[in-house]
Amino acid sequence: MRIACLLIPNLPLCAELRARPDLLGKPVAIATGPDARAEILACSPEAAALGLRPPCSVSHARSLSSQLIVRVASPVLERTTRDALLDVALSLSPRAALAPRSPGIFICEAAVFLDATGVDSLYRSEAGFAAALAARAERAGLPGSIAIASSRSIAKIVARKLAVPKLARAAIKPPRESTGRATEEHGGEPECCILSPDEEAKTLAPLPIDLLDPGDDLAQKLTRFGVHNVRDLLALPRRALAERLGVDVLQLVARAEGREVETPLPEPRDASLREAIDLDYPIQLLEPLAFVLRGMLSRLTERLTLRGLASGPIDLSLNLCEGGRDHRRIGIAAPTRDPRVLLRLVVQTLEATPPEAPVEGIALSTLGTCPRRDQLDLFITPGPDPAETDRTLAELESLCGPGQVGSPAVLNDNHPCAFELKPFSSDTSAAPKSSQPSSTLGPKSAGDVGLGGSPLVVRALRPPVHAEVKLHHGHPSNIRSAVACGHIVNVAGPWRTTGRWWSQEGRFALDHFDVQVSDGTILRLCFDWTQRNWQVDAIYD
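With the numbering used here, letter number 73 in the sequence shown gets 73, and the count goes up by one each step, no holes.
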């Protein structure tokens, strides 16, 4: 089995730069806290050029240069960055898993393992697969070192060796006799390394023992015994090592030999994605809040694109001042990856119901869904692309508002205007056929035909047109409206419809009349007993 490892050496710095691209190219340092005694965890190359060498205190770092930007490490950003790292891996391999967090000197790193078995058929070689993985990680803002070996432990050790800062690499030079294939970067130092099973022992032998990540006590004991690299460790007898240093050293030996017990890489089934951020200061106005949401939605849609998914309904969670929380769910007419459409929907929701207090933190989550695909027909002209139709529907909903786009359907209700909106579907192959007999079979009723035997068509007016009506013996006799004016010559009705009497807001009582005006117009009048007004509800053609 072949395992690839993508390792980021400075997770806090990478998470900060991913969330705030405006800091790229500037001297940035990440600290454990805001006070002057806090410890610097990581720094950018620009900050290292000023002489900054972590770990050190914030006060010492600021004394080196007034241009240094110090940011506090955010566990929320680090968690989402690790999830994004897994998305990068899943975009190239169906089986991937995040490495557990390492203690000690490697606490700032993040790594993901991928199944690289059989990648030659897709990428021509393992080097091509490593190059594709590096390019994909670079586009996602997660540059790191890549190693491919026969086990997770060896791949991680080699990737960790490639990620060692340049100042420390002088003490960890690759052996001249090693034939491991590696791709070269601008400075001539390898950033991707592919090891065959025969090359692994030779490559690991000169590496420092610290790359195996031993515990502090075990590392001190090995140093006292004069064990400084993997070659020295493997040269000692196993039984004597266990007697003097304990059983933990045997696990270290198994890690160096690639014999650690490793479970198979899982195939993740969860398609939920989450982006979160802690704000530097509370935000109360909608405009700066929308600016933060734009960046979060952009990163969320980039991760969806990596997974080949589209966004479903979005869950928005706001952390408010004084411990309050605002949780809301934003529906989407159709799956989409357009961050502009998603931003319009989120902003509309916030405009309709603003938060009750200033916002201190934001979290966005969605369940990725597969974009719709249609099976093409050999003998029918293809219709619009379902993905483009879904994108158009999502844009329409962002303009009209949530719940305002769909296909109308009649409700099982006696209110004449009752309807609901169902999700739009372009599939017409399953359209139900009418169960009514054809017009050529059997006689037509008087209500189905108009003058001259042609079908009578009613055109509903929405909204109904206000009308002034005079009554004679309880029936309309004259009408004045924007649709028709004059004396009413024929009247049919009334037909009364009532319902929802138990609801103060939803109850209704309507009287409908079919009338013919002296100018020849045939109308449907409606008298609303709850509002006490007349309306022209429809026109007959």
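Note that beta-carbon positions come from the ideal geometry of N, C-alpha and C, so glycine has one too.
Item, Value
"Evaluate contact between the stretch 86-100 and the stretch 42-53, counting only Cβ atoms and requiring at least three cross-stretch pairs below 8 Å.", "no"
"If we count the other Cβ atoms within 10 Å of its Cβ and call it buried at 16 or more, is P266 buried or exposed?", "exposed"
"Could you pull the DSSP bridge partners for T203 from this structure?", "BP columns for T203 are empty, so no partner."
"For Y540, which beta-bridge partners are listed by DSSP?", "V458 and I522"
"Is the beta carbon of L542 less than 8 Å from the beta carbon of S145?", "With the chain represented from 1 up to 541, any question about residue 542 goes unanswered, as that position is not in the structure."
"So R459 and A409 are in contact, right, with Cβ under 8 Å, and what is the actual spacing, rounded?", "Not a contact, Cβ separation roughly 20 Å."
"Express the C-alpha separation of G331 and S125 in angstroms, rounding to a whole number.", "44 Å"
"Give a yes or no on whether the C-beta atoms belonging to A42 and S57 are separated by under 8 Å.", "no"
"What ranges does the beta strand (DSSP E) occupy inside the stretch 87-175, keeping only unbroken runs of at least 3 residues that lie completely in it?", "96-98, 110-115 and 145-149"
"With T361 as the anchor, note down where its beta strand (DSSP E) starts and where it stops.", "Note that residue 361 corresponds to Gly in the displayed sequence, not to Thr. Run containing G361: V359 to L367, per the beta strand (DSSP E) assignment."
"In its own chain, which residues sit with a C-beta less than 6 Å from the C-beta of I157, not counting the 5 before and 5 after it?", "L211"
"Across the stretch 500-509 and the stretch 464-479, are there enough close Cβ pairs to call them in contact, namely three or more that are closer than 8 Å?", "no"
"Round the Cβ separation of L342 and L297 to the nearest angstrom and send it over; I've been treating them as touching at under 8 Å.", "5 Å"
"Does the Cβ of R337 have 16 or more other Cβ atoms within 10 Å, making it buried, or fewer, making it exposed?", "buried"
"Going by the beta-carbon positions, is the gap between L77 and V112 smaller than 8 Å?", "no"
"Heavy atom of the ligand ADP less than 7 Å from the Cβ of E302, yes or no?", "For the ligand ADP, the structure offers nothing, since it holds no ligand at all."
"Cα separation between D542 and P464?", "An answer regarding residue 542 cannot be provided, because it is not within the stretch 1 to 541 covered by the chain."
"Among residues of its own chain, excluding the 5 on either side of H327, which ones have a beta-carbon nearer than 7 Å to its beta-carbon?", "S317"
"Alpha carbon to alpha carbon, how far is I283 from F129? Give it in angstroms, no decimals.", "44 Å"
"Could you tell me whether the stretch 248-263 touches the stretch 275-291, using the rule of 3 or more Cβ pairs below 8 Å?", "no"
"What separation, rounded to the nearest whole angstrom, lies between the Cα atoms of S311 and A140?", "18 Å"
"Grab me the residues of R136's own chain with a C-beta within less than 7 Å of its C-beta, minus the 5 sequence neighbours each way, in chain order.", "V88, S91 and L92"
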